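Engineer: Each number in the numbering used here corresponds to the 1-based position in the sequence shown with 1 added. All C-beta atoms in this analysis are idealised placements derived from N, C-alpha and C, irrespective of residue type, glycine included. These numbers were taken from a predicted model, which means no experiment stands behind them.
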Amino acid sequence: MVYWVASAIVGLVLIGFALIAYCLRNSKSGSLARFVFRYLLIFVFFLLFEALIIGSAPWVHETLSSMTAGVMVGTLRPLGIEASSSASLLSVQDPYLLFDISISCLGGLLLWIYIGLVWAETGLTARQRLIGIVAGVPLLIAFNFFRIFSTIYVEWAFGPQIHDLLYFLNLVFVIIAWMLWFHSIRKKPSFQPASQPLENVHLSNEVTTSPTSRSMALTGKWTGTARKHGKNILTNYQPLNDPPEQSGNGRH
């Protein structure tokens with residue numbers, strides 16, 4: 002029950018983050034309502050999917066919690082900290098502290114938030130979104146491990162409990178990771194098709210709007226036609242917007 006209340010509160014907070022993210026986008030593509038709707042749709046979908054797994058196959062999260070506790074033990078022991086784990090429980094000595102790696106500590110909520118933000122972005126292809134997810138999810142998992150390790154180490158070494166503070170920083174890191182991905186996508190040059198040969202240029206109002214462009218396109222078209230028929234034609238053209246040369250015997 003506590004998990005679902007916390008999830009609802011964090012979800013409401015992340016709506017505010019979504020609004021902030023939309024403002025930080027500095028992009029005119031897509032409306033605010035559409036961005037928030039797509040974000041919430043994906044976020045709620047994965048949240049319900051995780052709830053289904055918790056209810057139907059609780060061993061999945063139990064295994065992940067046990068594995069996370071084991072990784073933390075292996076990280077703390079090289080630092081001279083006597084640590085041990087049993088299932089999701091992790092204990093350290095001198096002073097004795099006991100930590101429970103619960104479902105909320107696994108960072109699933111943060112992953113769904115990030116995926117929701119990535120998929121909410123309009124004007125991108127599915128491939129670009131998948132690249133953002135594949136690149137961002139491992140980064141968030143690594144940062145979540147760092148958060149758990151920092152929580153245990155700081156409380157063991159110095160005493161203060163910083164779990165809630167670091168969890169909030171985890172949420173901020175989600176926004177930072179999303180912004181890094183979004184700006185990396187925006188900096189890439191847009192795809193432009195290769196230019197066609199000059200003899201294949203079609204005359205239209207969109208391509209040849211100036212007299213110079215029309216004369217150059219016509220010259221290229223005639224030259225290409227002559228080459229196809231095996232003729233050697235020296236084509237002299239003069240842009241339509243250039244004034245004609247003045248002839249005369251005197252020097253200027």
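Go through its chain and collect everything with a Cβ distance to Tyr168's Cβ below 8 angstroms, but skip five positions before and after it.
Structural biologist: On the sequence shown, position 167 is the one that residue 168 refers to. Within the same chain, Tyr168 has close Cβ partners Arg148.
Engineer: Roughly how many angstroms lie between the CA atoms of Ser103 and Leu80, to the nearest whole one?
Structural biologist: Residue mapping note: residue 103 aligns to position 102 of the sequence shown, counting from 1. Residue mapping note: residue 80 aligns to position 79 of the sequence shown, counting from 1. Spanning the two alpha carbons is a distance of roughly 24 angstroms.
Engineer: Kindly identify the DSSP beta-bridge partner or partners of Ser92.
Structural biologist: Along the sequence shown, one-based indexing puts residue 92 at 91. For Ser92, which the question treats as bridged, DSSP gives the partners Ser85, Leu99.
Engineer: Please classify Pro139: does DSSP put it in a helix, a strand, or coil?
Structural biologist: Position 138 of the sequence shown, counted from the start, is the residue given in the question as residue 139. Pro139: helix per DSSP, three-state reduction.
Engineer: Start and end of the alpha helix (DSSP H) containing Gly124?
Structural biologist: Working through the sequence shown from its first residue, we reach residue 124 at position 123. No alpha helix (DSSP H) holds Gly124; DSSP gives it neither H nor E.
Engineer: Does the beta-carbon distance from Phe144 to Asn171 come in below 9 angstroms?
Structural biologist: Residue numbering aside, residue 144 sits at position 143 when the sequence shown is read from its first letter. Residue numbering aside, residue 171 sits at position 170 when the sequence shown is read from its first letter. In contact: Phe144 and Asn171 (Cβ atoms closer than 9 angstroms).
Engineer: Please classify Tyr40: is it buried, with 16 or more other beta-carbons within 10 angstroms of its beta-carbon, or exposed?
Structural biologist: Taking the first residue of the sequence shown as position 1, residue 40 is located at position 39. Classification of Tyr40: buried, given that the 10 Å Cβ count is 16 or more.
Engineer: Any idea what DSSP makes of Gly71, helix, strand or coil?
Structural biologist: Sequence index remark: in the sequence shown, residue 71 carries index 70 (1-based). Helix, per DSSP.
Engineer: Determine contact between the stretch 89-102 and the stretch 115-135, defined as no fewer than three beta-carbon pairs at a distance below 8 angstroms.
Structural biologist: Touching, no, given that fewer than three Cβ pairs across the two stretches are closer than 8 angstroms.
Engineer: Is the CB-CB distance between Leu140 and Leu107 below 9 angstroms?
Structural biologist: One-based indexing of the sequence shown puts residue 140 at position 139. One-based indexing of the sequence shown puts residue 107 at position 106. Not a contact, by the Cβ cut-off of 9 angstroms.
Engineer: So for Ile163, helix, strand or coil by DSSP?
Structural biologist: Reading the sequence shown from its first residue, position 162 is the one you call residue 163. Correct three-state label for Ile163: coil.
Engineer: Mind reading off the beta-carbon distance from Ala70 to Leu53? Whole number of angstroms is fine, and I expect it under 8 angstroms.
Structural biologist: As a first step, residue 70 is located in the sequence shown; it is residue number 69 there, counting from the start. As a first step, residue 53 is located in the sequence shown; it is residue number 52 there, counting from the start. Going by Cβ atoms, the distance from Ala70 to Leu53 rounds to 24 angstroms, so no, they are not a contact pair.
Engineer: Just confirm the distance between the C-beta atoms of Leu77 and Val61, as a whole number of angstroms; I'd bet it's less than 8 angstroms.
Structural biologist: Indexing the sequence shown from 1 puts residue 77 at position 76. Indexing the sequence shown from 1 puts residue 61 at position 60. No, Leu77 and Val61 are not in contact; Cβ-Cβ is about 25 angstroms, not under 8 angstroms.
Engineer: According to DSSP, is Pro1 helix, strand or coil?
Structural biologist: With the chain covering only 2 through 253, there is no way to say anything about residue 1.
Engineer: Less than 9 angstroms between the C-beta atoms of Ala127 and Ile43, yes or no?
Structural biologist: Counted from its first residue, the sequence shown places residue 127 at position 126. Counted from its first residue, the sequence shown places residue 43 at position 42. For Ala127 and Ile43, no; Cβs fall outside 9 angstroms.
Engineer: Compare the C-beta of Ile176 against all C-beta atoms of chain B and say whether one is closer than 9 angstroms.
Structural biologist: This model lacks chain B altogether; it includes just one protein chain.
Engineer: Is Gly109 helix, strand or coil when you go by DSSP?
Structural biologist: The residue you call residue 109 lines up with position 108 of the sequence shown. Gly109: helix per DSSP, three-state reduction.
Engineer: If you draw a straight line from the C-alpha of Trp113 to the C-alpha of Leu48, how long is it?
Structural biologist: For the purposes of this step, residue 113 is taken as residue 112 along the sequence shown, with counting starting at 1. For the purposes of this step, residue 48 is taken as residue 47 along the sequence shown, with counting starting at 1. Between Trp113 and Leu48, the C-alpha separation is close to 7 angstroms.
Engineer: Applying the criterion that 16 or more other CB atoms from any shown protein chain within 10 Å of the CB defines a buried residue, is Asp152 buried or exposed?
Structural biologist: Indexing the sequence shown from 1 puts residue 152 at position 151. Looking at the sequence itself, residue 152 is Thr, so the reference to Asp does not match. Counting Cβ neighbours within 10 Å, Thr152 comes out buried, since at least 16 surround it.
Engineer: Based on Cα-Cα distance, which residue from Met73, Asp95, Ile82 lies nearest to Ala88?
Structural biologist: Position 87 of the sequence shown holds residue 88. Considering only alpha carbons, the answer is Met73.
Engineer: My output table needs one value for Ser32: the three-state DSSP class, helix, strand or coil.
Structural biologist: What you label residue 32 is simply residue 31 of the sequence shown in a count that begins at 1. It is coil, neither helix nor strand.
Engineer: Considering only their Cβ atoms, is the gap separating Gly109 from Glu51 smaller than 9 angstroms?
Structural biologist: Along the sequence shown, read from residue 1 onward, the residue named residue 51 stands at position 50. Along the sequence shown, read from residue 1 onward, the residue named residue 109 stands at position 108. Cβ distance < 9 angstroms, so Glu51 and Gly109 count as in contact.
Engineer: Could you tell me if Leu111 is buried or exposed, where buried requires 16 or more neighbouring beta carbons within 10 angstroms of its beta carbon?
Structural biologist: Locating residue 111 in the sequence shown gives position 110, where the first residue counts as 1. Classification of Leu111: buried, given that the 10 Å Cβ count is 16 or more.
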